[in-house]
Each structure stands twice: as structure tokens, then as C-alpha cells.
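K.L.:
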Amino acid sequence: MEQGELSLSEREFARIKARVYKVAGIALSDAKRTLVVSRLSKIVRALGLVSFDAYIDYLERSGSADDGQDFVNALTTNLTRFYREDHHFEHLRSYVGKLISERPRGTRLRIWSAGCSTGQEPYTIGLDLLSAFPDLKRWDFKILATDIDTAVIAKAALGVYPESELSGLSPERARLFEKSADGSIRIPAAARELVSFKPLNLIGAWPMKGPFDAIFCRNVAIYFDKPTQGEVFGRFSKMLAPEAFLYIGHSENLGSGGDGFRLVGKTIYQSRDKLNKRAA
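Take 1 as the starting number for the sequence shown in UniProt numbering and just add one per residue.
See below:
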């Protein structure tokens with residue numbers, strides 16, 4: 001055990017698992033025990049508390065909203081990169097190209113990156129589509145990017161990353177980014193201004209109306225149990241425009257939430273509902 005870390009009893013671990021499931025839908029496995037100790041010990045110490053039991057008591061009885069958010073932020077996992085699962089972006093380019101050919105210039109186009117982490121996914125969407133279709137600058141084109149972790153949302157909104165993020169990208173894609181003298185890269189303003197970052201708990205209320213032309217929710221549902229996965233995917237189906245697309249992670253499937261979709265490609269699903277039209 002590292003210095004400053006607290007011991008975690010089975011009872012305390014059960015309480016932590018129950019709370020994060022209740023407030024965020026995250027199903028922690030027993031394999032996450034070490035992670036829980038590592039990430040929460042510093043918070044518990046900073047509050048002047050002596051145990052995880054005391055910490056959960058504090059959250060339940062007198063903790064602020066910020067304290068509750070710190071708890072959730074500490075237990076979320078944020079692994080992402082630019083152009084991750086590239087076949088999704090290839091499909092999106094083809095789909096958006098079709099929409100452009102069918103719709104008049106200036107038409108509304110909405111994409112949602114749900115569980116956007118530090119922003120690489122929504123920025124990839126913006127950079128890639130603007131590069132392929134410069135005329136989108138004249139469209140009513142916006143990308144909503146949401147995550148339950150408020151710390152990563154704040155970081156994502158800056159649009160600044162270490163140059164190492166370009167590793168593995170082709171020279172053509174690397175040129176889409178602005179390089180700074182300090183060794184960082186920046187998302188160009190045209191792509192950055194497309195993206196609105198908002199905190200959102202996927203098991204809570206969704207204030208946006210939709211419909212969306214595409215939803216990306218990749219490697220997020222793996223942290224939910226099957227019932228929660230089915231509920232979230234089912235809600236996505238109601239937020240999509242007719243015959244729009246949902247992109248999920250490589251190890252995920254829709255389970256009980258798949259009734260509103262048909263599989264059209266590797267982890268790519270199309271909305272079956274042609275009556276999903278709602279007000280913008």
C-alpha cells in the first residue's frame with residue numbers, strides 16, 4: 001500500500017460500489033478495488049477523514065454537490081485518442097457526404113459525442129468532416145460533447161494537447177492540427193467552435209431535444225451493467241433522426257436496447273424508427 005492510502009474493508013467497498021452505481025450507473029467489479037483505494041484515498045485525507053466509511057457517511061449526510069462530483073470524477077476512466085476506431089469516421093464521412101448531396105446548403109446537422117472524455121472524439125469528428133467537406137462551414141453544423149466527469153470536460157474545452165497525441169496519425173491528419181512552440185498542439189478555431197462541451201450524466205435527465213444525425217457512445221457502456229446499457233441505448237434510439245447512426249465501442253453490443261436499431265457494420269447501428277422527428 002502506498003503512503004497515504006487507506007485500508008478498504010469489504011463493507012466499505014460495497015458501499016462505494018453501491019453509491020457510484022446509484023449516482024452514475026457505473027458498475028465497479030471486484031477487480032477495481034485497488035483503483036478505488038488509489039483514487040479516493042487522497043480525497044478522503046484532504047477532507048480530514050480517517051476511513052472510507054466516514055467518507056461515504058459524509059457524502060450522504062453533508063457533502064456538497066462538488067464533493068459528490070469529485071467522487072464520480074475520481075472513479076471514471078478516460079482512455080481515448082484521435083481517430084480511435086477509424087472505421088467509424090470512414091462511415092461517418094460517407095454518411096455525411098450523402099446528407100450533403102440530399103439536403104440544401106445551410107441545413108441543420110447535429111452529432112452527439114456521449115462520454116467524450118478529454119475531447120479527442122468530438123474534435124476528430126469536426127476536423128475530419130471539415131477537411132472532407134469544407135462547405136459544412138456554411139451549414140448549421142454543431143457537435144454536442146458530453147461527459148459525467150467535469151474535470152475532463154474543462155480540459156477538453158481548451159482544445160490543447162501534447163504533441164505526442166499525433167503519434168500514429170498519418171502526415172495528412174497531423175497537418176489538421178496547429179503546432180505550438182511549447183510542444184503542444186491545438187485544435188484550429190473552425191473545428192473548436194463546432195463543439196459544445198457539457199456535463200451530463202447518462203442515467204439522469206437529458207435536457208437536449210434532438211434529433212441527432214449521429215451519436216457516438218464508444219467504450220462508455222462497458223462501465224454499465226446490462227440493464228443500464230439497455231436503458232441508455234434505448235434512449236439513444238429516441239434521440240436519433242430517422243435512419244441515423246449510433247457508433248459504439250469495439251467490445252460493446254446493444255443488448256436489450258437494440259430493438260430500435262439494425263446492425264449495418266462493425267459496431268455501427270442504424271435507427272429503425274422513421275417517426276423519430278422532433279423539434280430542433
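All C-beta atoms, glycine included, are put in the ideal place defined by N, C-alpha and C. Predicted model, so just to flag it, every value in this text is computed and none were measured.
Between PHE52 and GLU102, which are expected to be in contact by the criterion C-beta below 8 Å, what is the C-beta distance as a whole number of angstroms?
P.N.:
PHE52 to GLU102, Cβ: 56 Å. No contact.
K.L.:
DSSP on ILE187, reduced to helix/strand/coil?
P.N.:
Here ILE187 sits in coil by DSSP.
K.L.:
Can you tell me which residues form a DSSP beta bridge with LYS142?
P.N.:
ARG110
K.L.:
Between GLU252 and GLN270, which are expected to be in contact by the criterion C-beta below 8 Å, what is the C-beta distance as a whole number of angstroms?
P.N.:
16 Å between Cβ atoms; not a contact.
K.L.:
Using a 10 Å radius around the Cβ and a threshold of 16 neighbouring Cβ atoms, would you call VAL36 buried or exposed?
P.N.:
Answer is buried; the Cβ neighbour count reaches 16.
K.L.:
Across the segment 206-217 and the segment 109-124, are there enough close Cβ pairs to call them in contact, namely three or more that are closer than 8 Å?
P.N.:
yes
K.L.:
Give the DSSP-derived three-state secondary structure of GLU243 in the structure shown.
P.N.:
Strand.
K.L.:
Measure the alpha-carbon distance for ASP140 versus ARG105 and round it to whole angstroms.
P.N.:
9 Å
K.L.:
Using 8 Å as the threshold, is the C-beta distance between GLY255 and GLN229 below it?
P.N.:
yes
K.L.:
If you check the beta carbons only, do ASP147 and PHE89 fall under 8 Å apart?
P.N.:
no
K.L.:
Quick one: residues in its chain with C-beta nearer than 6 Å to the C-beta of GLY25, no 5 flanking neighbours on either side, listed in chain order?
P.N.:
Same-chain partners within the cutoff: ILE203, PHE224 and THR228.
K.L.:
As an exercise, report each continuous alpha helix (DSSP H) stretch of at least 4 residues that is fully enclosed by the segment 147-205, in chain order.
P.N.:
150-158, 171-174 and 189-192
K.L.:
Which whole-angstrom value describes the C-beta separation of LEU130 and ALA221, a residue pair presumed to lie in contact below a C-beta threshold of 8 Å?
P.N.:
About 28 Å separates the two Cβ atoms, so there is no contact after all.
K.L.:
Could you give the first and the last residue of the continuous beta strand (DSSP E) run that contains GLY97?
P.N.:
Element bounds for GLY97: not the beta strand (DSSP E) but the alpha helix (DSSP H), 86-102.
K.L.:
Three-state secondary structure (DSSP) at ALA14?
P.N.:
If DSSP states are grouped into helix, strand and coil, ALA14 belongs with the helices.
K.L.:
Between the segment 68-86 and the segment 163-176, do at least 3 Cβ pairs fall closer than 8 Å?
P.N.:
yes
K.L.:
Can you tell me whether DSSP reads PHE71 as helix, strand or coil?
P.N.:
helix
K.L.:
Is it the case that the Cβ atoms of GLN69 and THR150 are separated by a distance below 8 Å?
P.N.:
The answer is yes: Cβ separation under 8 Å.
K.L.:
Could you tell me whether the Cβ atoms of SER117 and ASN78 are closer together than 8 Å?
P.N.:
yes
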